[in-house]
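**Q**
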Amino acid sequence: MDFGSRHSTRVPLLNTRHWAARLIWAREERDWSTEDWKRVALSDDQYLEVNPVERFQKLVESMACRVASVIKARGDPTRY
């Protein structure tokens, strides 16, 4: 088997100013309610998942189909 290595994405490290700004923001917003977080527009167009149970359930339910796809592809990458 050929196990290829994977290189992680390199991102700039936080400098002291960035670190301090994040800490101040986190302290100000630590008591936000679920309703407060619903009004946040995330920059990557994703939603805040308050209850991950549904997502986990969908993954479990689709497992048989995904395993069958991998077996059919003989272990090669698939799109499920």
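The numbering used here puts the first residue of the sequence shown at 886, with every later residue one more than the last.
Beta carbons are placed, not taken as given, at the ideal position from N, Cα and C, and that holds for glycine.
Treat the numbers as computed from the prediction; the structure is a model and nothing was measured.
Just how far apart, CA to CA, sit residue 909 and residue 894?
**A** For this step, residue 909 is matched to residue 24 along the sequence shown. For this step, residue 894 is matched to residue 9 along the sequence shown. Their backbone Cα atoms lie some 27 Å apart in a straight line.
**Q** Could you spell out where the alpha helix (DSSP H) holding residue 908 opens and where it closes?
**A** The count along the sequence shown starts at 1 and reaches residue 908 at position 23. Element bounds for residue 908: 901 to 914.
**Q** Do residue 963 and residue 955 have their C-beta atoms within less than 7 Å of each other?
**A** In the sequence shown, the residue the question calls residue 963 occupies position 78. In the sequence shown, the residue the question calls residue 955 occupies position 70. It is a contact, given that the beta carbons lie within the stated cut-off.
**Q** Hey, quick one: how far does the alpha helix (DSSP H) through residue 951 stretch, first residue to last?
**A** Within the sequence shown, residue 951 is the residue found at index 66, counting from 1. Residue 951 -> alpha helix (DSSP H) spans 948 to 957.
**Q** Is DSSP giving residue 945 helix, strand or coil here?
**A** Indexing the sequence shown from 1 puts residue 945 at position 60. DSSP places residue 945 in helix when its eight states are reduced to three.
**Q** What is the residue span of the alpha helix (DSSP H) that residue 875 lies within?
**A** The structure shown does not extend to residue 875, since the chain spans only 886 to 965, so no value can be given for it.
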